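Student: Numbering (mature numbering (1 follows the signal peptide of the UniProt record, and there is no 0)), first residue to last: -20 to -1, 1 to 374. The beta carbon of each residue, even a glycine, is placed where N, CA and C say it ideally should be. Predicted model, so just to flag it, every value in this text is computed and none were measured.
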Amino acid sequence: MKRKSSLLMTILLSGCLALTGCGNQTSSSSADSDNNTKSTEELPSSGPLTINPDIPGDKEILSKGPYGENAISAKTLKLTEEEIQKIKEGDYKAAIVMHYAGNDWSKAQINGLKAAFKRMGIKVVAVTDAQFKVEKQVSDIETVLAKSPDIIVSIPVDAVSTADAYKRAADAGVKLVFMDNAPKGLKAGKDYVSVVSADNYGNGVEAADIMAKQLGGKGKIGVIFHEADFFVTKQRTEAFEKRMKEKYPKIKIVDRSGITDPNTGERLASAMLIKNRKLDGIFAVWDVPAEGALAAARTAAREDLVITTIDLGTNVALEIASGGIVKGLGAQLPYDQGIAEAILAGQALLGKEAPPYVAVPSLKVTEENVLDSWKLVYNQNVPDVIQRAAELNK
């Protein structure tokens, strides 16, 4: 295993400090925190509107929708030049109602939505951040409705408690497109257009395969899962554990701990490492608790531990690029998920029928492709600190 030189360690430390600290933030530090993270290109100003054609599209989508729907690949979505022009003539307005807007994933979604709506001539009249609070999201929806949007793209903080507010929006004639989950009781094709997600099941499989390869197909591992009734994170853990059981029977899951607060990842991982002195790896359900597991491994002087996760946050990308303890992950593609959501909203404005559940393909990220993956995930240049770490690790 490649180890870091003292110079590389200095760069990594300074990078973590510049990115607001490793392993203790509520969300991954922003992809905008480095002055090199500008968009690599605008969406094409002519021709059809699609998600990035460079996204690998030969993989089967493994995820199911919130009601067991088969997924349609986001790579099949398209608005023609003629359809875009027709949408432009409608002088439409859209609002983006987020559960939380302060992490890399949310910002990339918003950027993708804004870019696609700009291409379609749709004015974005509001972007809200509920800060994971149900009451605030309900208030945000009411505030947004006063602006008379034709479209709302949103992710519910809680599928039950926000349902009435979304139903009022649907009854007012607003075209609703959801990220990842739909409010309880609302029906696709009637109350909302579609749900768009990453292939979270597929990304869980990717994380399992990376772990198994690093461990040589045998070992003892722990799992840090999301102890909440949240559709997409449950899929990730289910996929990881099922893949291990069915394909890698010599890898045993010997410990499981659930998080409700992502900042507890370090504490839970530390407990795992104390309880299981010969633990070989830890899977964390997304990158923030994975950062906690990384901090715990360093404190325990377990540089041999293998960590895999989901989501290409800044700090785990830095660790992967440096050849460190985080060996790889399954990545969502939030920028293109935003484009897919905007396309579906545009199709709804045109009266076209939409599939109830759409998924963006999974993306396997390792040391070998982390720089190219960053560009795919965020449609941005790679931050300088990650670029330098990768260069020094060659």
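Across the stretch 227 to 244 and the stretch 260 to 275, are there enough close Cβ pairs to call them in contact, namely three or more that are closer than 8 Å?
Tutor: yes
Student: Less than 8 Å separating the beta-carbons of Q215 and N243?
Tutor: no
Student: If you pair each beta-carbon of the stretch 317 to 326 with each one of the stretch 93 to 104, do three or more pairs fall below 8 Å?
Tutor: yes
Student: Enumerate in chain order the residues of its own chain whose CB-to-CB distance from K374 is below 8 Å, with the five nearest sequence positions on each side excluded.
Tutor: none
Student: Kindly provide the ranges of any beta strand (DSSP E) runs that are 3 or more residues long and lie completely inside the stretch 111 to 139, ordered along the chain.
Tutor: 131 to 134
Student: Once DSSP output is grouped into helix, strand and coil, what is the label at R257?
Tutor: coil
Student: By the DSSP assignment, the alpha helix (DSSP H) with T294 in it spans what residues?
Tutor: Looking at the DSSP string, the run of the alpha helix (DSSP H) that includes T294 is T294 to A301.
Student: Which runs of the beta strand (DSSP E), 3 residues or longer, sit entirely within the stretch 21 to 75?
Tutor: none
Student: Below 8 Å, can you find three or more Cβ-Cβ pairs linking the stretch 190 to 204 to the stretch 148 to 160?
Tutor: The stretch 190 to 204 makes no contact with the stretch 148 to 160, as fewer than three CB pairs between them are under 8 Å.
Student: For A88 versus V362, is the C-beta spacing smaller than 8 Å?
Tutor: For A88 and V362, no; Cβs fall outside 8 Å.
Student: Between the Cα of residue 407 and the Cα atoms of I35, V365, F211 and N83, which residue gives the shortest distance?
Tutor: Summary: the structure shown does not reach residue 407, with the chain confined to residues -20 through 374, and so no result is reported for it.
Student: Rounded to the nearest angstrom, what separates D130 and L298 at their Cα positions?
Tutor: 40 Å
Student: In chain order, what residues of the same chain lie with their CB nearer than 7 Å to the CB of R282, ignoring the 5 residues before and after it?
Tutor: L253
Student: In this structure, what does DSSP give as the bridge partners for H206?
Tutor: I239
Student: Which residues in the same chain have their Cβ closer than 7 Å to the Cβ of I41, if we skip the five residues on either side of it in sequence?
Tutor: Excluding positions up to five away in sequence, the list reads A51, S53, D179, G182, A339 and P341.
Student: Which residue's Cα is closest to the Cα of K113: A106, D138 and A126?
Tutor: D138
Student: What three-state label does DSSP hand K332 in the structure shown?
Tutor: coil
Student: Considering only residues of the same chain and omitting the five flanking positions on each side of P163, which have a CB-CB separation below 6 Å?
Tutor: The residues are P136, A139, T142, A143 and Y146.
Student: In whole angstroms, what separates the C-alpha of Q367 from that of A168?
Tutor: 43 Å
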